[in-house]
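Residues 445 to 808 in our numbering are what the sequence shown spells out, letter by letter. The beta-carbon is built from N, C-alpha and C at its ideal position, and this holds for glycine as well. Reading through the structure tokens given below for one structure.
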Amino acid sequence: MIAYLIRRLLLMIPTLFGIMLINFIVVQFAPGGPVEQTLAQLKGTAVSATANITGSGSDTLAPAGGSSGASKYRGARGLDPAFIKEIERMYGFDKPAPERFWLMIKSYLTLDFGRSWFKGGKVVDLIFDKLPVSISLGLWTTLLVYLISIPLGIAKAVRDGSAFDIWSSTALIIGVAIPSFLFAILLVVVFAGGSYLHWFPLRGLVSQTWDTMSVLHKILDYLWHMVLPVTAMVVGSFAGLSFLTKNSFIDQINQQYVVTARAKGASERRVLYGHVFRNAMLIVIAGFPGTFIGILFTGSVLIEIIFSLDGLGLLGYEAIQNRDYPIVFGTLFIFTLIGMFTQLISDIMYMLIDPRIDFEARAL
């Protein structure tokens with residue numbers, strides 16, 4: 445176990461470095477960097493803004509653009525080249541790309557992710573400020589997915605091949621085929637005052653008067669705002685876990701120990717929940733960390749945008765729109781690190797729950 449953990453931890457270093465390097469290279473070819481964004485905002489007022497930009501230098505480093513001349517920037521025509529170079533220096537683009545990448549990685553090793561160019565705060569503070577919203581969505585969605593998928597998967601396994609199994613599988617496939625953001629838009633149109641009913645709020649995690657409410661009303665208001673976004677995320681998320689639960693139960697039902705238990709006169713309920721359930725649920729429970737991280741970091745982005753939830757998804761979307769590379773790369777670094785540690789935790793849970801699994805014997 446110790447040797448396996450050490451190998452996995454050491455493997456994270458080149459993996460993380462490779463992911464950051466690939467994304468850094470891709471960004472070099474992305475049009476509309478922060479220099480062009482600034483030029484677009486200052487076009488026509490550059491003369492009066494020169495003094496402000498010159499006096500607001502920043503040491504923040506970012507992967508984009510270049511450092512030679514103004515001709516390579518859209519909207520730079522007619523502006524003083526010295527003014528353009530000052531904007532480049534402000535965003536750290538006066539250095540060559542390899543040097544920018546090295547300085548960025550060096551800062552990240554000390555958990556210094558710089559400051560946001562367009563929001564003004566530290567990237568770490570912004571991430572931790574938005575994290576509770578995304579965690580709320582992820583936790584509620586994961587909880588409901590497990591509460592729905594496990595009973596449904598067991599029911600499908602017990603009734604394998606029946607009409608219930610067929611139509612429930614059809615419903616699950618349809619649910620997976622419909623993107624969560626389209627279902628979210630449908631919920632908004634039907635239940636959030638779009639065209640029909642106005643039962644639920646359209647945006648936000650709580651009401652504007654939340655601070656003046658009692659504790660009970662705060663809880664109810666929070667749950668009221670969570671209904672539509674969590675529903676939109678759950679619909680397309682529990683199909684895979686339901687099929688996994690079903691297949692795991694079917695595999696265990698066909699094992700010899702189940703035949704032996706039935707031959708000894710054990711009731712079907714005793715066989716199912718006393719023997720099969722414990723073994724079949726190992727793989728489902730062990731995969732909980734990975735499921736939660738997958739829902740948290742991939743499923744909530746568009747949902748947060750549609751329902752105006754001020755979480756990590758909305759923060760990342762705004763950062764990409766504004767080419768706020770400190771936020772983009774800071775969140776990428778943190779999420780990649782969390783994802784790799786979560787996968788390691790999942791593997792450890794597999795080994796602890798099922799002693800037959802031995803990752804140490806497997807070549808990495």
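- Runs of the alpha helix (DSSP H) lying entirely within the segment 518 to 568, each at least 4 residues long, are 525 to 535 and 541 to 553 in chain order.
- The beta-carbon distance between V679 and F627, rounded to whole angstroms, is 5 angstroms. This is short enough to meet the 8 angstroms contact definition.
- In the displayed model, A710 falls within coil according to three-state DSSP, outside both helix and strand.
- Taking the Cα positions, R533 is about 21 angstroms away from V470.
- Distance from the CA atom of T585 to the CA atom of L616, rounded to whole angstroms, is 16 angstroms.
- By the criterion of a C-beta distance shorter than 6 angstroms, V728 is surrounded in its chain by T689, once the five residues flanking it on both sides are discounted.
- Closest in C-alpha terms to P673, from the list Q652, L726 and L753, comes L753.
- Note on P458: under 16 other CB atoms within 10 angstroms of its CB, so exposed under the neighbour-count rule.
- Collapsing the DSSP output to three states places A474 in coil.
- Rounded to the nearest whole angstrom, the CA to CA distance from P525 to R767 is 22 angstroms.
- Comparing alpha-carbon positions, the option among I466, L667, V745 and L460 lying closest to L781 turns out to be L460.
- With contacts defined by Cβ atoms closer than 9 angstroms, G648 and H669 form a contacting pair.
- If you look at P733, you'll find it in the alpha helix (DSSP H) that goes F732 to G738.
- Each of D573, L583, G757 and T554 was checked against the Cα of L667, and the nearest Cα belongs to L583.
- By the Cβ criterion, the segment 538 to 553 is not in contact with the segment 719 to 739, since fewer than three pairs of Cβ atoms, one from each stretch, lie closer than 8 angstroms.
- Counting only the Cα atoms, N698 lies some 26 angstroms from V589.
- In the DSSP assignment, F635 falls within the unbroken alpha helix (DSSP H) covering S624 to F635.
- Every alpha helix (DSSP H) of 4 residues or more that sits fully in the segment 743 to 775 is shown, in chain order, as 745 to 750 and 756 to 765.
- In this structure, A730 and M784 do not form a Cβ contact; the two beta carbons are roughly 17 angstroms apart against a cut-off of 8 angstroms.
- Here the C-alpha atom of G755 lies approximately 25 angstroms from the C-alpha atom of S551.
- Per DSSP, the unbroken alpha helix (DSSP H) holding T689 starts and ends at F682 to I697.
- Our two residues, F625 and A705, have alpha carbons roughly 47 angstroms apart in a direct line.
- By the 16-neighbour rule on beta-carbons within 10 angstroms, Y717 is exposed.
- Of the residues assessed, K574 falls on the buried side of the cut-off, its CB having 16 or more other CB atoms within 10 angstroms.
- Counting of Cβ neighbours within 10 angstroms places W611 among the exposed residues, the total staying below 16.
- Apart from sequence neighbours up to five positions away, the residues of its chain that approach Y761 with a beta-carbon distance below 7 angstroms are V745 and I749, ordered along the chain.
- Separation of the CB atoms of F682 and S578 is rounded to 19 angstroms, and the pair is thereby denied contact status at 8 angstroms.
- Of the residues assessed, S606 falls on the exposed side of the cut-off, its CB having fewer than 16 other CB atoms within 10 angstroms.
- Using a 10 angstroms sphere on the CB of Q696, the tally of other CB atoms reaches 16 or more, which defines it as buried.
- Under the DSSP assignment, W611 falls in the alpha helix (DSSP H) whose first and last residues are A607 to A621.
- A direct Cα-Cα distance of roughly 22 angstroms separates I694 from V620.
- The beta carbon of I598 sits closer than 7 angstroms to the beta carbons of T689 and F693 from its chain, once the five residues preceding and following it are set aside; these are given in chain order.
- For P673, the enclosing alpha helix (DSSP H) has its first and last residue at V659 to V679.
- Looking at the backbone, the Cα of S613 and that of I466 are separated by about 39 angstroms.
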